[in-house]
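Counted the way my numbering counts, the sequence shown spans residues 2 to 190. Below is one structure, written out as structure tokens, with a few remarks after it.
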Amino acid sequence: MFNKIIKTLLVEDNPGDARLVKEALIDAQDAQFELTHFDRLRPALEELKKTNFDIILLDLSLPDETGLKTLYRTHSEAPNIPIVVLTGLSDHELALKALQEGAQDYLVKGQVESDLLSRSIRYAIERAQILEARKESEEKYRSLTDDVLDSSMVGIFILDADNKVVWVNKSVEMYFGLPREQIIGKDKK
Numbered sequence: 002m003f004n005k006i007i008k009t010l011l012v013e014d015n016p017g018d019a020r021l022v023k024e025a026l027i028d029a030q031d032a033q034f035e036l037t038h039f040d041r042l043r044p045a046l047e048e049l050k051k052t053n054f055d056i057i058l059l060d061l062s063l064p065d066e067t068g069l070k071t072l073y074r075t076h077s078e079a080p081n082i083p084i085v086v087l088t089g090l091s092d093h094e095l096a097l098k099a100l101q102e103g104a105q106d107y108l109v110k111g112q113v114e115s116d117l118l119s120r121s122i123r124y125a126i127e128r129a130q131i132l133e134a135r136k137e138s139e140e141k142y143r144s145l146t147d148d149v150l151d152s153s154m155v156g157i158f159i160l161d162a163d164n165k166v167v168w169v170n171k172s173v174e175m176y177f178g179l180p181r182e183q184i185i186g187k188d189k190k
């Protein structure tokens, strides 16, 4: 899986921290990295439109954006690319919130060792691939289930916990003479 070069986007404004990350990636024994570095979010987001990256290493305290907004903007521009947050020692609470909001991992700047950084990147990419495969599998299953249920001659309603109609098949549409859009959302009564 990691025989290929991992295209890495680093968004970090502190030159010393950026240098440490670069050195850690160069020293990695288990993977090879192609690093692109920006010290501001705006040009990094522009680059995301042009280049397919495998991972984003993101500082949440940048000159042009700070806090979780940095993560939100990056994630909205690249929803399928895993993000590892780089944080200072005092940003532990912010890092945990970033994990809750979709970051795959966080690392404390200044404590980034080659093996730890490489493993974090590889695991983040693997988790993102697993989540994407699961999502695709669920969509295929849902589509197949909908097709089977939709072709049934028996009228089928699917209700939520509040007894609201969330799905009906074609037989229900034909029976009531209404398109499903007018049935979905109604109370079963």
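Glycine included, every Cβ here is placed at the ideal spot set by N, Cα and C. Because the structure is a prediction, the values reported are computed rather than measured.
Quiz item: Out of L90, R135 and D147, which has the shortest C-alpha to C-alpha gap to Q112?
Solution: L90
Quiz item: What is the residue span of the alpha helix (DSSP H) that T52 lies within?
Solution: Careful: T52 lies outside any alpha helix (DSSP H) and carries neither H nor E.
Quiz item: In chain order, what residues of the same chain have a beta carbon less than 6 Å from the beta carbon of K8, not counting five sequence neighbours either side?
Solution: E35, F54 and D55
Practice problem: Note down the Cα distance separating L160 from N170, rounded to an integer number of angstroms. | Solution: 12 Å
Exercise. Below 8 Å on the Cβ atoms is my guess for L26 versus L118; work out the distance and round it to an integer in Å.
Key: The Cβ separation is near 7 Å, so the contact holds.
Practice problem: Measure the Cβ-Cβ separation of I84 and L72 and say whether it is below 8 Å. | Solution: With contacts defined as CB atoms closer than 8 Å, I84 and L72 qualify as a contacting pair.
Quiz item: Can you tell me whether DSSP reads V113 as helix, strand or coil?
Solution: coil
Self-check item: C-beta contact flag for V12 and D65 at 8 Å
Solution: Judged by beta-carbon spacing, D65 lies beyond the 8 Å limit of V12, meaning their Cβ atoms are not closer than that value.
Self-check item: Buried/exposed call for I126, threshold 16 Cβ in 10 Å
Solution: Taking a 10 Å sphere around the C-beta of I126, we find 16 or more other C-beta atoms and assign the residue as buried.
Quiz prompt | Environment of F39 [buried if 16+ CB atoms lie within 10 Å] | solution = buried
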